[in-house]
Amino acid sequence: MTLDLFADLPPQPFHEPITEGAMLLRVFAAQEAPALVRAIETILAAAPLRHMQTPGGFRMSVAMSNCGRYGWVTDRRGYRYQAEDPLSGQAWPPMPALFTALAARAAQAAGFAGFDPDACLINRYEPGARMSLHQDKDELDMSQPIVSVSLGLPATFLFGGMERADKPRRMRLESGDVVVWGGPARLLFHGVDTLPEGEHRLTGRCRYNLTFRRAR
Ligand code: MD3
Ligand code: FE
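Okay, structure coming up:
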């Protein structure tokens, strides 16, 4: 038996380039994860999770809400950002300072200085939920990166190339992992494989993903 002198220390963040423009910051948000989940729960009390409809009329298996100046929404009329929650007609809850600071710090660590997100999409995956391959292209300024924070149950993230048909690579994302996508990676096709059954001490039977974007 080897004595593990590091057993009581938190895991150390590990910065791993995924592809040109994309950086995986493993456990970057692990320490803040409980506070992030509490903040998500507060936001969801004001702007509840809902299963939105795609323009084609399909119900998304991922439940969503938003905070910040703009929220991403989809319905029969299309995909867009808007300042009001369609459920309430009111502004989305403000982005907590904890969120803005984390997003900026992660972007900075990946080489994108001055990231100032105005939109945070909250995705909730329950076992069975998935997100099919797509590009994020509803934002105005594609020179701004996207920062993604995973919380709760682990998921298999899929990322492909610039064409939908490009064979995707698979990557396991765990609670506290942060990924920054910018530059040549900004328009890569990506998605999330069907979430397996599980239980996580922070979130119970689900995974949350926070996606920070500059919409306008
Ligand atoms: C790669 N969400 O909401 S975030 C989405 O885990 C979305 O909930 C996924 O894709 C999730 O649009 C993945 C990671 C992500 C976000 C944007 C990207 C990866 C990306 C943009 C370009 C390439
Ligand atoms: Fe996306």
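Using the UniProt record's numbering, the letters of the sequence shown correspond one by one to residues 1 to 216. Where a beta carbon is used, it is the ideal one built from N, C-alpha and C, also for glycine. Note that the structure is a prediction, hence the values are computed from the model and not measured.
Between the ligand FE and residue 166, a heavy atom-to-CB distance of less than 7 Å is absent. Counting the other CB atoms within 10 Å of its CB gives residue 33 a total of 16 or more, which places it among the buried residues.
Each residue's CA atom was taken as its position, placing residue 62 and residue 207 some 10 Å apart.
Taking every residue with its beta carbon within less than 5 Å of a heavy atom belonging to the ligand MD3 gives, in chain order, 123, 136, 146, 148, 181, 188, 190, 192, 209, 211. For residue 134, the CB falls within less than 7 Å of some heavy atom of the ligand FE. The segment 133-142 and the segment 182-199 touch, with three or more beta-carbon pairs separated by less than 8 Å.
Around the beta-carbon of residue 190, 16 or more other beta-carbon atoms lie within 10 Å, marking it buried. For the set 87, 37, 82, the Cα lying nearest the Cα of residue 69 is the one of 82. At a Cβ-Cβ threshold of 8 Å, residue 30 and residue 132 do not count as neighbours.
Closest in C-alpha terms to residue 121, from the list 28, 5, 201, 44, comes 44. The bridge partners DSSP lists for residue 134 are 190. Rounded to whole angstroms, the Cβ separation of residue 128 and residue 203 is 16 Å, and the two are not in contact under 8 Å. When the alpha-carbon of residue 214 is set against those of 100, 25, 166, 199, the nearest one is in 100. Distance from the CA atom of residue 66 to the CA atom of residue 4, rounded to whole angstroms, is 42 Å. Within the model, the alpha-carbon separation for residue 28 versus residue 14 is close to 8 Å.
Shortest Cα-Cα distance from residue 49 to any of 75, 123, 37 involves 123.
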